[in-house]
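With my numbering applied, the sequence shown has no gaps in its numbers, which climb one by one up to 202 at the end.
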Amino acid sequence: IAGRAANERAVPIVLDPVGAGATRLRTETNLRLLNELKIAVVRGNSGEIGALSGAGGEVRGVESVEGVDDPIAVARAAAKEWGAVVAITGKRDVISDGERVLGVDNGHEWLTTTTGTGCMATTAIAAFAAVEPDYLVAAAGALACYGLAAELAAERADGPASFKVALLDAIYGLTSEQVSEGARVVQLGG
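Take a look at the structure:
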């Protein structure tokens, strides 16, 4: 009901297919959402996007165990199939609208050890998509800012526990100057 209401009001929907590929129910539910709603952006790890797109990948729980071989090709093909921007997050985030492909090289390894960081990345994308109508730009900008905040947080943290608090502080305090100097977004294709 919420998805249909968002579509009726032209509110962008950002889908985080948590655990797609881990169970049949999660996979089928996410595929149903992709088929029944107009999704603006799908953000998932390599295993989740691979499982939904039929490109392979393995997920245990909500963690990607094995990703796709060619994230650029998978993101581009999935974006064309679903009519949505696809963001595959990982060491290098790969984002495609089916034609253009961008890479984001910001982030820190502690993002992989901290529960909820994928969901936070999706939330950042949704916030950017609310004000930027080019959802490829919105997703890349959000992931660059989020990844940069993670890099800044890691400089202040002693480990994964203090990193979580430092990440929230870094997001809160991120400046346009820091983004201009530190965002690493590259064109990969299209």
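Don't be surprised by glycine CBs; every beta carbon is placed ideally from N, CA and C.
Owing to the predicted nature of the structure, the values given are computational and were not obtained by experimental measurement.
Is it true that the CB of residue j sits closer than 8 Å to the CB of residue i?
i       : j       : result
Leu-45  : Gly-15  : yes
Ala-52  : Ala-133 : no
Leu-186 : Cys-157 : yes
Pro-29  : Ser-58  : no
Leu-43  : Val-97  : no
Ala-150 : Glu-144 : yes
Gly-119 : Ala-162 : yes
Ile-100 : Gly-56  : yes
To which residues of the same chain is residue i closer than 7 Å at the C-beta, ignoring the five residues directly before and after it?
i       : result
Glu-3   : No statement about residue 3 is possible, as the shown extent of the chain runs from 13 to 202 and does not include it.
Gln-199 : Leu-114
Phe-175 : Trp-122, Thr-126, Ala-165, Ala-166, Ala-169
Cys-131 : Asp-28
Measure from the alpha carbon of residue i to the alpha carbon of each residue in the options, then state which is nearest.
i       : options                            : result
Gly-153 : Ser-192, Tyr-184, Gly-185, Ser-174 : Ser-192
Leu-160 : Asn-57, Val-143, Leu-180           : Leu-180
Glu-111 : Gly-128, Glu-93, Lys-103           : Glu-93
Val-177 : Gly-194, Gly-128, Thr-135          : Gly-128
Could you pull the DSSP bridge partners for residue i from this structure?
i       : result
Ile-107 : Ala-99, Leu-114
Val-197 : Val-116
Thr-125 : In the DSSP output, where bridge partners are listed per residue, Thr-125 has none listed.
Gly-159 : Answer by DSSP bridge pairing: none, since Gly-159 is not bridged.
Ala-32  : Thr-35
Arg-55  : Ala-99
Val-26  : Val-53
Within the same chain, show all residues whose beta-carbon is closer than 6 Å to that of residue i, passing over the 5 residues directly before and after it, in chain order.
i       : result
Leu-155 : Asp-105, Val-116
Asp-226 : Examination of residue 226 is not possible in this model, given that the chain is present from 13 through 202 alone.
Val-54  : Leu-27, Ala-96, Val-98
Arg-196 : Asp-117, Asn-118
Gly-102 : Ser-58
Gln-190 : none
Could you pull out every residue in the same chain whose Cβ sits closer than 8 Å to the Cβ of residue i, ignoring the five residues on either side in sequence?
i      : result
Asn-19 : Ile-25, Leu-49, Lys-50
| said: Contact between the stretch 80-97 and the stretch 164-174 is defined here as three or more beta-carbon pairs at a separation below 8 Å; is this criterion met? | reply: no
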